[in-house]
Amino acid sequence: MSMTFSQWLSHSADAEFESFVRTRRDLLQPESPTMAALAAAASSRIGVSRGVEALDAGTLEVFIALAKAARTTPEVEVASIPHIDPALAEAAVPRLRDLGLAWPAGGDGGGAGSAGSAESAGSAGSAVAGVWKIQSEAITLLPTSAAESSRAHPWQIDESSIDSSTATIGQPLIHNSEQAAVAEVISSLRGLVDELAASPISRLTSGGISKRDVSRLARTLELGLEQTITLLQAAKSLHLIGVLDDALDPQWTAADDADSALAGDRADLWAGLVGAWLRDLLDVTQLAAGASENERLTVLAAPKKSLFKGYGLSVPAMPLLRFAVLSVLHDIGLGTARSAGWIHAEVLRRHPLLPAHEFAMTEAVLHTCVTVGLATTPLQQPDHFGPSRFGLRLAAGLDRAMAEHAVQDPSILPLGVSVEALTVPGDVIAAVTEGLGAEVDTVLIQSDLTAVATGPIEPRVHNILRKYAVVEARGQGTVYRIDAETIEDTMQAGLTPEEALAELAEISAEELPSTLEFLVQNTASKLRRVRVAGARSVLIVDDPVDLDVILSDQAMMPAGLERLAPTVAIAQLGPERTMHLLEASDHHALLHSAAGPVRKRRVITESEPEVSVRRRPRVSDGHLGEYIRILRSAPATAAPVSTDEPLGHMDRLREAAETKQRVLIRIADSHGKERTIEMLPATLNAGRVRGVVTTTGAEASLSVARIVSVTPSP
1009 MSMTFSQWLS
1019 HSADAEFESF
1029 VRTRRDLLQP
1039 ESPTMAALAA
1049 AASSRIGVSR
1059 GVEALDAGTL
1069 EVFIALAKAA
1079 RTTPEVEVAS
1089 IPHIDPALAE
1099 AAVPRLRDLG
1109 LAWPAGGDGG
1119 GAGSAGSAES
1129 AGSAGSAVAG
1139 VWKIQSEAIT
1149 LLPTSAAESS
1159 RAHPWQIDES
1169 SIDSSTATIG
1179 QPLIHNSEQA
1189 AVAEVISSLR
1199 GLVDELAASP
1209 ISRLTSGGIS
1219 KRDVSRLART
1229 LELGLEQTIT
1239 LLQAAKSLHL
1249 IGVLDDALDP
1259 QWTAADDADS
1269 ALAGDRADLW
1279 AGLVGAWLRD
1289 LLDVTQLAAG
1299 ASENERLTVL
1309 AAPKKSLFKG
1319 YGLSVPAMPL
1329 LRFAVLSVLH
1339 DIGLGTARSA
1349 GWIHAEVLRR
1359 HPLLPAHEFA
1369 MTEAVLHTCV
1379 TVGLATTPLQ
1389 QPDHFGPSRF
1399 GLRLAAGLDR
1409 AMAEHAVQDP
1419 SILPLGVSVE
1429 ALTVPGDVIA
1439 AVTEGLGAEV
1449 DTVLIQSDLT
1459 AVATGPIEPR
1469 VHNILRKYAV
1479 VEARGQGTVY
1489 RIDAETIEDT
1499 MQAGLTPEEA
1509 LAELAEISAE
1519 ELPSTLEFLV
1529 QNTASKLRRV
1539 RVAGARSVLI
1549 VDDPVDLDVI
1559 LSDQAMMPAG
1569 LERLAPTVAI
1579 AQLGPERTMH
1589 LLEASDHHAL
1599 LHSAAGPVRK
1609 RRVITESEPE
1619 VSVRRRPRVS
1629 DGHLGEYIRI
1639 LRSAPATAAP
1649 VSTDEPLGHM
1659 DRLREAAETK
1669 QRVLIRIADS
1679 HGKERTIEML
1689 PATLNAGRVR
1699 GVVTTTGAEA
1709 SLSVARIVSV
1719 TPSP
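In short: position in the sequence shown from 1, add 1008, done, that's the numbering used here.
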């Protein structure tokens, strides 16, 4: 009888066993260093799922063909499967063996069970010779049914439809574009927070803001809709915006400490922006569309359901897609660009089961890479993308971060990607700091009432200008237009013309033009026609007798009350002081305010809920050798006929169904009581065995998880 997975592990060569253990570090559990526990973890549904998601497109195609063949026979002869390239199978089968997804059915099948087979696995015909078995759970995880086989898989793209041409990008263009992109995205982020501070947006019941408000904000900032959504999501993650604490009308606005955060180091701000974008779980194309198949979406609101259907990965779809795009850009190399279609196909070749299969998603990620300075495009071919120096450094730094994180947490293997490690490394921040130009502290105010900042502008200068002007254009430099309405709004707070002109002259590189002085003086002359000053307090009573009592009270003499009407009197003191005298004289009164009591402004920044994740202990690198020795030192006597892991049960049941042989199944009920059933298995699918009970002749369906043992019937 052919070997089960645990039996193959026990009898495999040392090199093959060590290769499997090092590949599947996520399965190792220090509390149970036994071969049976390792085999059970690898054969579980989650264990098979984690192994499948680490396959590239070519290896996955081979594995799907093996899974289809395994639906009819438990032992598959790889060389006899049609429509499989022998060279592809030769490379794929060792990878499947290292992941614990397939193993040779016999002790010496394909040379995989004999010593030294790891060295000979790459020789011609050695890997595909003989018969192989696969994990039974893979049959239900993969598209193996007839209906699924008739449809093209999402990762299968016609190569003839892909533009495989390359383009060259000059070094000066790369340098200029990456520096301009970093400066512009920081300026846009500052402008976004400024706009929300000046014009808060009402929060919807779902917690977000509507697409109409986002579109209006995009027009104001002169940004694209998807770019505005990306900045909004990042600003929320960085706690630059929050919800105004108002029970009647909660509004999204700037956080209380947003100004200080935006005035900090620009490279650190850029790193925080890029890191927040890399870890963001939402897809900007779905948010821009406004709705998905699952539920209606609003910006800044967390969806209640998953936005992606299909195969579920251990890493969320969008962070994995962005990480994969950066890796592909890194492999393209500096100075070269490839088409967006080619990059999309390459991403799916590396991660075929990625739920984000739509080309629009990959294209949106590429455009965001250009926006934040990680990629650039040739001048004449905007549909081609190549990496910038910052993008190359970031991709290499993320690879190092993943390797270091895998040492601390081997459970991220075999995929080797963790959302927690998606942060911008220090060398990338240093490179951005070196590439950024100095911020300008003066602007050129021209006679047409425009103020031009020839480079990135200091936050202090920007805060002064935004009191008198509106932003007309952003980029590596910023153009402001001084507006009569903004000047009037600022001077209404009590600012004199001399103070306004002095404040503008302080940040002007040249003498202020006469047109600006005329505008300020003319605005001030209009405002002087009507002046509003602080009024004295007025007492209003319902009954004239109450006012008579107050006027006759000697304690109210300092207020200088003067009766204007039977129920109205005016005091020479302010409202607060008059109220204090009334309270001291034991006169009950109410302080009237047309606008209501002044409430301190408080903005609540939303953060992700803290989730306490209980991580299982893993075998560290220092203890891996000892762990392997313990596993291999178990007595290698004759393997038991009946195995206690579900995989062995499923294999034996599948073999019995193929050979039409009765088996004795010992099964436990929900109370733990065991009973033995003699059955002729017919089918095995989705963790259940269906067949005919020989004693009664009735059909039955049993859960494999409740089966204790399976033995051939005598």
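Yeah, the Cβ is synthetic: ideal placement off N, Cα and C, and Gly gets one too.
Query: Just the C-alpha distance for residue 1211 and residue 1217, rounded to the nearest angstrom, thanks.; Result: 6 Å
Query: List the endpoints of the continuous beta strand (DSSP E) containing residue 1674.; Result: 1671-1676
Query: Touch check for the segment 1333-1341 and the segment 1395-1408: three-plus C-beta pairs under 8 Å?; Result: yes
Query: Suppose the cutoff is 7 Å on Cβ atoms and the five residues either side in sequence are ignored; what does the same chain contact list for residue 1685 look like?; Result: 1673, 1675 and 1701
Query: In whole angstroms, give me the CA-to-CA distance for residue 1056 and residue 1014.; Result: 15 Å
Query: Could you tell me the alpha carbon to alpha carbon distance between residue 1144 and residue 1289, rounded to whole angstroms?; Result: 32 Å
Query: Exposed or buried, what is residue 1244 when buried is set at 16 or more other beta-carbons lying within 10 Å of its beta-carbon?; Result: buried
Query: If you draw a straight line from the C-alpha of residue 1703 to the C-alpha of residue 1687, how long is it?; Result: 8 Å
Query: Quick check: residue 1046 and residue 1639, are their CB atoms within less than 8 Å of each other?; Result: yes
Query: Buried or exposed: which applies to residue 1236, given that a residue is buried once 16 or more other Cβ atoms fall within 10 Å of its Cβ?; Result: buried
Query: Which residues in the same chain as residue 1078 place their Cβ atom closer than 7 Å to its Cβ, once the five residues preceding and following it in sequence are excluded?; Result: 1084, 1142 and 1147
Query: Please confirm whether residue 1578 and residue 1546 have their CB atoms less than 8 Å apart.; Result: yes
Query: By how many angstroms is the C-alpha of residue 1474 removed from the C-alpha of residue 1468?; Result: 10 Å
Query: What residue from 1517, 1696, 1071 and 1566 has the CA that sits closest to residue 1100's CA?; Result: 1071
Query: Run through the DSSP bridge pairs and tell me what residue 1465 is partnered with.; Result: 1448
Query: How long is the line joining the alpha carbons of residue 1256 and residue 1450, rounded to whole angstroms?; Result: 42 Å
Query: Count the other C-beta atoms from every protein chain shown that fall within 10 angstroms of the C-beta of residue 1313, then say buried if there are 16 or more, exposed otherwise.; Result: exposed
Query: Going by beta-carbon coordinates alone, are residue 1716 and residue 1671 separated by less than 8 Å?; Result: no
Query: Taking the alpha-carbon of residue 1348 as reference, which of 1066, 1453, 1328 and 1174 has the nearest alpha-carbon?; Result: 1174
Query: Going by the C-beta, is residue 1416 closer than 7 Å to any heavy atom of the ligand NAP?; Result: Among the components of this structure there are no ligands whatsoever, and the ligand NAP is therefore not found.
Query: For the pair the segment 1424-1444 and the segment 1181-1190, tell me if three or more CB-CB distances fall below 8 Å.; Result: yes
Query: Determine whether the beta carbon atoms of residue 1283 and residue 1086 lie at a separation below 8 Å.; Result: no
Query: From the DSSP output, in three-state form, read off residue 1702 for me.; Result: coil
Query: Leaving out five residues on either side along the sequence, give the residues of the same chain with a beta carbon under 6 Å from the beta carbon of residue 1490.; Result: 1457, 1476 and 1477
Query: Which residue's Cα is closest to the Cα of residue 1459: 1552, 1042 and 1480?; Result: 1480
Query: Buried or exposed: where does residue 1105 fall if 16 or more other Cβ atoms within 10 Å of its Cβ makes it buried?; Result: buried
Query: In the DSSP assignment, find the beta strand (DSSP E) that holds residue 1368 and state where it starts and stops.; Result: Segment 1367-1379 is the alpha helix (DSSP H) holding residue 1368; no beta strand (DSSP E) there.
Query: Excluding sequence positions up to five away, which residues of its chain have a Cβ less than 6 Å from the Cβ of residue 1605?; Result: Its pLDDT being 42, under 50, residue 1605 is placed unreliably by the model, and the measurement read from it follows with that caveat. Correct list: empty, nothing qualifies.
Query: Hey, residue 1248 and residue 1271: beta-carbon distance below 8 Å or not?; Result: no
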